[in-house]
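Below you'll find the structure, written out as structure tokens, and then a few comments.
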């Protein structure tokens, strides 16, 4: 045994297994689901049991992630690192996983889709994201990213006979793999220059004086292209509207939140630690990308009529705000991005859950006009959507407000005054298209879609109520989550 | 290059920089093909070309550093590329089944 509970032989120690617990639980659960399929899959069209099992697995994995944090440290020859940062993001993607399952029950039932594969893929995808955020090695990050992405490609086209699903999966797959190629080429150049892919060793190598940084800057640029695609930051955002619009609504909710949070986590981990020394060479790229994402996202969202497509453009704009925090290149900026990702995940899941509720079989009702009269017909659903919309705008007393506040404050403290001003102007533009949802919902007469609306199902009700409570808590008492984010943001430099 | 210098260089083995240049050229061809080609299968092959370019550079760097880890990364990339191909071809098949076309410009039903 070496220090830190690391095994010196090839057999990992118990402590290392505990640090790997969330990934282990999720992959075992995913495999178990596929084994159980023949036993429970018969008879009923879409049995709910698989969803229940995966919720239990996600909750166990959250417990595992918290337990792993009590024995924080490296694992598996330093390939993984469990620290506050990893734990924060692990818990975040696992919570998103729970909400994704809760919001899928009704949808899968309505489409009479196979439930086993769906939940197994969801578990694998989140396992990949957990691996990504706790990696200490560029190759491990790549593998985690691919586990997460390959499962998401299938999920995006889950309803095989739906043409929109096909197209969404194809575009997601082609552009996702294209982006991976860039990321990987960046990794190979970093390996060529430094002779290692371990993040801490790269850091040590680059910290030495007189190291040539030109090629590392090139690698950083290639990785910005790769990760920029994954977080749908402009000019690499073109896939997002089509993919989010075409995918099944609960999958869109998942894809807009969990993979994005994980991709931002590795963005932050690699760029504010390892590449901090060459920060002056990549900061302008992030600056431009942030501004383009906010502007393109918000202005394109103004003219959308499809809610899913509008939310996709809004998620591009939110990626822009997050890139502002990355451009700040500071601990406060990292903490702000972490806080914002939590707030963003809650409000986005909630907004998509309302879409799942109103869309009906075959997703017929996904236009903004289909929300007409929702406030009159189902005041509770309308009220919850109002909470999410206000949070997306960034109105005080919601998580979105504090998220934006912390991000722009970190930008100002890093002297990115113009970026902060342009970001604030952008938020004002965004208010217009978000408020349009409220106008249609409360001031228009009920239409065909809302007249025939069924009452809120229990699963979807939870997927709406819990994020709403979370959004409110983040907006009233942001201290606890912010403290966790700040503690996690203290990455080793 | 002067033939004699060329022979001398090759006598010492092909220099690593040549492999890296080849890798960069292959990667660029992959990117160009991805952007310019219209057939989905060809586009997919261009992505594979990009990944193989990366593999080549990993091998070249591993040789330069006299390390075995670079070779290992290549295997990881190959396994992932195989998994991606399995899923990707399945997706392409369902698209073809529902639309009877493999032209990427005709797959454009998602818009505002």
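Residue numbers (the numbering used here), protein chains in the order written: chain L, 45 to 537; chain H, 1082 to 1193.
Beta carbons are placed, not taken as given, at the ideal position from N, Cα and C, and that holds for glycine.
1. With DSSP run on the structure shown, which of helix, strand or coil describes residue 118 of chain L?
2. Among L:278, L:377 and L:266, which has the Cα closest to the Cα of residue 530 of chain L?
3. Consult DSSP for residue 1184 of chain H and reduce its assignment to one of helix, strand or coil.
4. Can you look up residue 525 of chain L in the DSSP assignment and give me helix, strand or coil?
5. If distances are taken between C-alpha atoms only, which option among L:286, L:272 and L:287 comes closest to residue 280 of chain L?
6. Below 9 Å on C-beta distance, what does residue 217 of chain L contact in chain H?
7. Could you name each continuous alpha helix (DSSP H) segment of 4 residues or more that falls completely within the segment 420 to 473 of chain L, going from the start of the chain to the end?
8. To the nearest angstrom, how far is it from the Cα of residue 470 of chain L to the Cα of residue 206 of chain L?
9. Roughly how many angstroms lie between the CA atoms of residue 170 of chain L and residue 157 of chain L, to the nearest whole one?
10. Once DSSP output is grouped into helix, strand and coil, what is the label at residue 412 of chain L?
11. Rounded to whole angstroms, what's the CA-CA distance from residue 184 of chain L to residue 175 of chain L? Just pull it up for me.
12. Beta-carbon of residue 1191 of chain H versus every beta-carbon of chain L: anything under 7 Å?
13. Measuring alpha carbon to alpha carbon, tell me which of L:383, L:322, L:375 and L:394 ends up nearest residue 355 of chain L.
14. In terms of DSSP beta bridges, what is residue 242 of chain L paired with?
15. Go through its chain and collect everything with a Cβ distance to residue 282 of chain L's Cβ below 8 Å, but skip five positions before and after it.
16. Sorted by chain position, which residues of the same chain lie with C-beta nearer than 7 Å to residue 62 of chain L's C-beta, five sequence neighbours on each side aside?
17. Pull up the distance between the alpha-carbon of residue 443 of chain L and that of residue 68 of chain L, whole angstroms please.
18. Determine the burial state of residue 458 of chain L: buried for a count of at least 16 other Cβ atoms within 10 Å of its Cβ, exposed for fewer.
19. Which whole-angstrom value is the C-beta distance of residue 300 of chain L and residue 359 of chain L, which I expect to be below 8 Å?
20. Rounded to the nearest angstrom, what separates residue 117 of chain L and residue 133 of chain L at their Cα positions?
21. Express the C-alpha separation of residue 129 of chain L and residue 1102 of chain H in angstroms, rounding to a whole number.
22. Between which two residues does the alpha helix (DSSP H) harbouring residue 310 of chain L extend?
23. In the structure shown, what three-state DSSP assignment does residue 126 of chain L receive?
24. Mapping the DSSP letters down to three states, classify residue 45 of chain L as helix, strand or coil.
25. Just curious, the alpha helix (DSSP H) that residue 348 of chain L is in, first and last residue?
26. Which residues bound the alpha helix (DSSP H) around residue 507 of chain L?
In this structure, then:
1. strand
2. L:377
3. strand
4. Secondary structure at residue 525 of chain L: helix, using DSSP grouped into helix, strand and coil.
5. L:272
6. Simply 1125, 1165, 1168, 1169, 1172 and 1173.
7. 423 to 437 and 443 to 457
8. Going from the Cα of residue 470 of chain L to the Cα of residue 206 of chain L covers about 36 Å.
9. 21 Å
10. helix
11. 8 Å
12. yes
13. L:394
14. Within the DSSP bridge table, the entry for residue 242 of chain L names L:181 as partners.
15. 219
16. 111, 112 and 115
17. 32 Å
18. buried
19. Confirmed, Cβ separation roughly 5 Å.
20. 16 Å
21. A direct Cα-to-Cα measurement between residue 1102 of chain H and residue 129 of chain L gives close to 38 Å.
22. 302 to 316
23. strand
24. With a pLDDT of 47 at residue 45 of chain L, under the threshold of 50, the predicted position of this residue should be treated as unreliable, and no value is reported.
25. Segment: none, residue 348 of chain L is in no alpha helix (DSSP H) and carries neither H nor E.
26. 502 to 520
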